[in-house]
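Chains as they are written, first to last, in this note's numbering: chain A, 1 to 473; chain B, 1 to 473; chain C, 1 to 473. Just so you know, even glycine gets a beta-carbon here, dropped at the ideal spot from N, CA and C. Worksheet for the structure shown next.
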Amino acid sequence: MAGENLRPERFFSSDPDVRTLAVEIYESIRDLPILCPHGHVDPQLFVDPLQRFGNPTELFITPDHYVFRLLFSQGIPLEALGIQPLDGNHANVEADPQKAWGLFCSNFHLFAGTPTSLWLQEELAGVFGITEKPSAENAERLYAQLSEMLQMEEYSPRRLYERFRIEALCTTDAATDNLSAHQALQNQTWAGRILPTFRPDKLTNLKNPTWRTDLSNLEVLISKEITTYPGFIQALEDRRAFFKQIGAKATDHDVLTPYTAEFTPAELEGIFQRALRGNADAGDAHRFSAGMLMEMAHMSCEDGLVMQVHAGSFRNNNRNLFEQFGSDMGADIPVQTEFTRNLAPLLQKFGNSKNLTLVLFTLDESCYGRELAPLAGHYPSVKLGPPWWFFDSLGGMQRYFEAVVETVGFYNLAGFNDDTRAFCSITARHDLWRRASANWLAGQTAKHVLGMQDARVIAQELAYGLAKRTYRL
Amino acid sequence: MAGENLRPERFFSSDPDVRTLAVEIYESIRDLPILCPHGHVDPQLFVDPLQRFGNPTELFITPDHYVFRLLFSQGIPLEALGIQPLDGNHANVEADPQKAWGLFCSNFHLFAGTPTSLWLQEELAGVFGITEKPSAENAERLYAQLSEMLQMEEYSPRRLYERFRIEALCTTDAATDNLSAHQALQNQTWAGRILPTFRPDKLTNLKNPTWRTDLSNLEVLISKEITTYPGFIQALEDRRAFFKQIGAKATDHDVLTPYTAEFTPAELEGIFQRALRGNADAGDAHRFSAGMLMEMAHMSCEDGLVMQVHAGSFRNNNRNLFEQFGSDMGADIPVQTEFTRNLAPLLQKFGNSKNLTLVLFTLDESCYGRELAPLAGHYPSVKLGPPWWFFDSLGGMQRYFEAVVETVGFYNLAGFNDDTRAFCSITARHDLWRRASANWLAGQTAKHVLGMQDARVIAQELAYGLAKRTYRL
Amino acid sequence: MAGENLRPERFFSSDPDVRTLAVEIYESIRDLPILCPHGHVDPQLFVDPLQRFGNPTELFITPDHYVFRLLFSQGIPLEALGIQPLDGNHANVEADPQKAWGLFCSNFHLFAGTPTSLWLQEELAGVFGITEKPSAENAERLYAQLSEMLQMEEYSPRRLYERFRIEALCTTDAATDNLSAHQALQNQTWAGRILPTFRPDKLTNLKNPTWRTDLSNLEVLISKEITTYPGFIQALEDRRAFFKQIGAKATDHDVLTPYTAEFTPAELEGIFQRALRGNADAGDAHRFSAGMLMEMAHMSCEDGLVMQVHAGSFRNNNRNLFEQFGSDMGADIPVQTEFTRNLAPLLQKFGNSKNLTLVLFTLDESCYGRELAPLAGHYPSVKLGPPWWFFDSLGGMQRYFEAVVETVGFYNLAGFNDDTRAFCSITARHDLWRRASANWLAGQTAKHVLGMQDARVIAQELAYGLAKRTYRL
């Protein structure tokens with residue numbers, strides 16, 4: 001079936017009219033350079049030209065919560081996949097990566113119908129030339145083949161970056177990150193463009209259990225004690241300036257709800273002091289998060305960094321798993337999200353600013369047509385992010401276009417980003433978006449909602465132009 | 001592309017089976033008369049046979065928030081489109097309507113994929129015979145052409161009304177409107193049927209900043225001081241009787257949430273007295289709105305006026321813009337809406353009444369299948385309004401049918417209304433609905449969910465019969 | 001049209017590629033045995049081999065709220081359909097079942113586009129060989145034909161069970177049911193497999209107006225007075241053990257919201273004592289419901305009964321109708337539902353248990369992709385139930401697959417159940433699911449998202465395997 005999946009017209013409508021148009025549109029954008037304005041690839045991968053990826057299990061399974069979440073849901077313990085618990089007790093952890101690989105391959109049928117299945121097959125075929133679908137039968141052979149390739153320079157991170165024709169790759173970095181990898185890259189002659197993104201969540205979210213430690217790290221970085229709210233704000237501004245100097249184009253903010261509100265300096269100082277004393281409660285955290293979004297919008301109006309807000313993920317819903325293995329274990333579950341009322345204070349203050357670009361993401365699809373498209377279709381500052389996480393899929397993209405375009409048009413979209421930590425899946429993900437865009441535009445063209453000339457221009461924008469302009473890449 | 005758009009089979013599925021059936025169904029309803037049971041056209045347009053529309057900018061841009069909202073979202077100031085601020089300061093306002101028209105034309109690509117793009121092109125082609133898509137290149141020529149036509153009798157409001165084959169056109173009129181235009185029309189021999197609709201929002205919404213003035217206007221109209229809640233209710237009943245006498249078929253109510261509840265007369269009197277003294281707070285306004293919906297349902301049971309409830313629009317979300325330019329500036333953003341619990345008190349009291357027709361509209365599509373279809377599929381009084389505002393689009397209509405028909409059938413739908421203030425777009429809007437209906441019915445027929453004979457009958461109902469019976473036109 | 005509806009390719013896409021694949025997939029599963037893991041058929045029907053269904057009105061109209069709700073919505077009083085009010089006042093009740101049947105037939109057009117229309121036509125054709133669509137013209141003749149058939153052994157419940165090739169039929173039974181019918185069936189040689197399901201709602205929902213009586217019934221059954229919370233819990237455990245012994249595979253829980261929370265034994269005892277004294281308030285009922293779901297999950301971990309939770313129906317929304325006719329009168333209206341936060345306490349305690357199978361159902365489609373698929377795609381205990389009630393329809397199934405599969409895959413689905421009290425509609429309902437599944441898989445295959453071999457395996461799972469394994473049938 002992997003072979004089948006590589007048919008040139010894959011993922012397009014089976015309607016011959018639509019398919020023909022989709023192929024034509026797709027071919028006009030297929031080879032455009034790739035822009036990655038938002039993602040989670042480790043910049044360290046690119047610092048050393050000799051750097052190699054690890055073994056197939058380390059590359060495909062243990063870091064990818066999309067993969068192991070579905071195996072876990074079917075009763076496979078994380079330990080059996082070689083995932084290490086926080087307490088360092090390795091007693092139950094599969095030590096042989098090839099055994100974990102075998103478990104994954106023999107359960108590959110569980111991924112049928114999911115984008116993970118498509119990404120993995122596209123990646124195996126497109127990057128490594130393997131057109132077989134993983135199975136119990138070929139697990140050992142695939143492991144050997146991949147292991148061999150992963151040691152070759154041809155499959156090193158830098159060579160793949162070049163082969164993928166990536167024009168810019170933005171990483172995501174804690175506000176307290178010293179950006180040493182990015183700085184090292186700046187001092188080299190390699191042409192790859194790896195840019196940091198400022199993510200201050202650990203400092204702005206008072207529920208973060210390590211908040212005090214993270215604040216201390218911030219103090220170390222700026223060589224100053226932080227004892228007041230204005231001092232805290234100043235430190236964040238300093239870090240933003242530093243990130244910008246190293247090439248950052250954007251900031252990123254994960255919030256459970258996109259609540260924003262204006263508070264007096266005294267209120268914010270009060271919360272901050274309680275946080276310093278370890279006395280901040282849930283209400284404080286909620287208000288602080290709201291105040292921080294206001295501050296970040298204000299700072300973006302000043303320094304021009306694009307502000308990205310990802311809302312609606314209830315993190316670490318499975319508490320036992322969280323205690324055993326930590327975050328990002330596939331147990332982040334979306335919740336209902338409300339943008340119109342929550343963002344009103346921020347947008348009423350900064351929404352008409354020419355300097356602000358606010359990119360919104362949701363895990364609650366009912367918001368697309370109801371709130372996000374009307375907001376982005378009105379406020380000059382608001383751009384609508386691409387389908388996020390669970391919706392970064394063929395169906396999710398189709399529903400996204402369906403839900404938003406009629407209200408927001410195309411030119412208020414932020415373009416695509418792959419949001420991935422799996423570097424080798426980047427081309428597969430962008431290709432899926434390009435195919436989904438081409439197919440959707442072809443459908444609109446076949447119905448005479450769009451003309452073919454418009455469709456072609458818009459396809460270019462969706463694949464490249466919108467991201468380039470939104471993030472000023 | 002406008003030329004392409006005028007292909008006879010436009011907007012139908014590209015599947016040949018579906019398309020053939022859609023053409024056949026559409027042709028059977030294309031030329032049915034047009035009923036406009038709900039809209040915002042100015043009745044004054046029709047009073048004087050010599051009346052003409054203004055220049056192209058006044059006709060197509062400045063009054064249409066669908067149009068200027070999208071231009072604003074891309075950074076074009078409203079002033080550049082010739083829109084006047086409330087303070088009368090014209091310093092930054094484009095005085096030359098042709099320049100505003102040029103800005104609109106050269107940005108026409110922004111509308112790609114939106115219903116506004118389709119309406120405008122259909123209107124230009126169908127009403128004015130212009131099959132070019134507006135662009136920077138043809139802006140001046142189109143302006144000249146249109147300006148000339150708009151002065152001709154052939155393009156006068158009355159002649160277009162006749163040419164459009166409109167059977168009845170309902171306007172929307174404040175409860176304090178004296179209906180002078182409607183009365184003038186009644187005293188003329190012109191056959192056009194322009195009917196008022198009773199909209200008391202400014203009196204029933206205590207958040208209305210001009211509430212006291214509007215109440216005074218009401219006092220003037222009924223030549224009586226209003227000092228008590230029963231006096232207020234009596235005044236509203238008097239106005240409804242007057243509207244009905246001038247031909248009104250319906251009332252219209254815009255509410256943020258469709259909250260209803262029963263209050264004691266003393267509670268309502270208390271709120272009303274606080275409102276008279278300017279002391280009503282947000283809670284009062286919320287309760288008063290709930291009480292008013294109950295009163296209106298009660299009055300509809302008495303006088304038979306169809307009750308229309310539009311819920312879920314957070315009006316004037318962009319406060320700066322509101323302060324500068326007032327309402328209807330494209331900054332009304334939808335919010336989540338709840339009908340099941342909110343309407344229970346009203347429906348438990350009046351929902352089984354044979355005299356009540358309650359038409360519900362939503363901007364929260366997730367309500368369609370979850371709440372509105374089950375409500376309309378049970379209560380004899382409830383009818384489901386057509387896709388409203390952002391969803392009055394090809395995709396919106398498709399999702400509407402998809403979401404509601406299986407639960408509610410066809411005969412509990414209220415039929416279509418164009419809800420427009422842009423008179424010249426009426427045929428384009430009805431044609432889109434007829435095409436979308438035909439296409440959807442064709443799809444169901446091609447799958448053998450419906451027989452062709454049923455589909456044809458239902459198409460007639462959707463285009464004409466349901467609206468006629470729901471509004472007793 | 002009924003004739004048209006029986007075309008072999010009915011309900012499949014009109015796209016020739018998809019249709020061809022759909023036919024092929026469907027044919028491979030069409031004749032699989034039928035599993036009914038959740039439904040409301042009366043077990044008494046099967047105890048006596050001589051048992052017959054009643055007249056056509058009793059079979060098709062009076063017990064089916066899908067049918068009479070839509071007639072009621074169009075102004076037809078329930079009495080005119082022969083439905084008896086609770087007060088026994090028959091004055092306005094149509095006494096002649098043939099007249100009620102005539103009313104139904106002459107209004108059959110109201111069902112166009114609904115699954116009820118498809119079920120009824122499929123049932124008439126598939127079970128009774130009647131391929132005409134009911135109408136005013138043929139009402140009398142159909143009534144006579146059906147009446148005659150319903151007296152024949154060939155159309156007795158037992159013969160139809162065999163003809164339908166049902167492998168197991170689970171009923172739904174109050175915790176206080178003595179399961180006499182099930183026991184009688186166990187003592188017979190008939191091969192039919194009719195299994196009870198434990199539904200304790202009347203005891204766990206303190207808002208139930210007959211709670212005290214139901215508790216007394218429970219006391220009688222266990223021959224013990226229940227004066228304490230532990231005694232209550234013990235009684236429920238005893239009943240579960242009894243149900244399991246008679247063959248039960250599952251429990252079923254209807255809740256307005258799926259709120260769960262941990263309470264201390266003292267809190268639960270306090271609520272229980274207030275309930276015994278008739279003093280429990282709405283807050284008590286809300287908390288008790290949350291505590292009961294925790295207890296039920298705990299018990300399922302012990303006894304292995306599958307736990308089914310149906311959430312989001314506001315029962316008896318039409319109070320007048322409820323007072324006149326009681327429950328299940330077509331006036332249950334869905335409300336917004338929240339699972340992520342509400343279920344967190346339960347899932348954090350039991351969600352990783354190997355012994356728990358928790359099947360979730362919703363009437364709020366916006367939860368599918370946002371909450372239910374991510375939950376079922378992570379927690380080993382959670383399975384996603386099929387489209388429920390209003391969404392048990394061609395469109396509803398299509399939207400379900402579309403919304404959930406990309407996140408949850410196929411193997412975390414619970415398979416299909418018909419949830420019906422209309423025994424004769426069972427084959428029609430399962431056939432619709434099989435057709436919808438085949439069509440959806442064909443669409444995915446035509447787009448090369450799935451290979452044909454996978455699609456065929458998955459079709460078998462959806463039609464049979466998943467239900468069999470989920471419910472251990």
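Supposed contact pair residue j and residue i - C-beta distance, whole angstroms, cut 8 Å
| i | j | result |
| --- | --- | --- |
| L59/B | L150/B | 7 Å |
| T197/C | H38/C | 7 Å |
| A222/B | A235/B | Strictly speaking, residue 222/B in this sequence is Ile, with Ala absent from that position. I222/B to A235/B, Cβ: 5 Å. Contact. |
| I34/A | E167/A | 6 Å |
Any C-beta of chain B under 8 Å from that of residue i
| i | result |
| --- | --- |
| T131/A | no |
| W407/A | Here the sequence assigns Thr to residue 407/A, which means Trp is not the residue at that position. Answer yes: the Cβ-Cβ gap between T407/A and chain B drops below 8 Å somewhere. |
| A22/A | no |
| Q444/A | yes |
Three-state secondary structure (DSSP) of residue i
| i | result |
| --- | --- |
| S300/A | helix |
| K244/B | helix |
| K202/B | helix |
| K383/B | strand |
| V41/C | coil |
| I271/B | helix |
| M307/B | strand |
| D454/A | helix |
| E167/C | strand |
Neighbour flag for residue i against chain A, beta carbons, 8 Å
| i | result |
| --- | --- |
| K244/C | no |
| N417/B | no |
| Q398/C | no |
| T114/B | yes |
| S393/B | yes |
Span separating the alpha-carbon of residue i from that of residue j
| i | j | result |
| --- | --- | --- |
| A91/A | F53/A | 26 Å |
| A467/B | V335/B | 27 Å |
| N355/A | A266/B | 53 Å |
| P200/A | T116/B | 40 Å |
| T445/C | E461/A | 29 Å |
| N205/C | Q348/C | 23 Å |
| E262/C | S313/A | 23 Å |
| E162/B | F128/B | 15 Å |
| V404/A | T362/A | 13 Å |
| L50/A | I246/A | 23 Å |
| E338/B | A376/B | 15 Å |
| E153/C | R159/C | 7 Å |
Minimum Cβ-Cβ distance from residue i to chain C less than 8 Å
| i | result |
| --- | --- |
| T340/B | yes |
| E402/B | yes |
* For the segment 455-470 of chain B, which residues have a beta carbon sitting closer than 7 Å to at least one beta carbon of chain C? -> I458
* For the segment 295-327 of chain B, which residues have a beta carbon sitting closer than 9 Å to at least one beta carbon of chain A? -> G312, F314, N317, N318, R319, N320, L321
* To do: For the segment 257-290 of chain B, enumerate the residues whose C-beta is nearer than 8 Å to any C-beta of chain C, in chain order.
  => none
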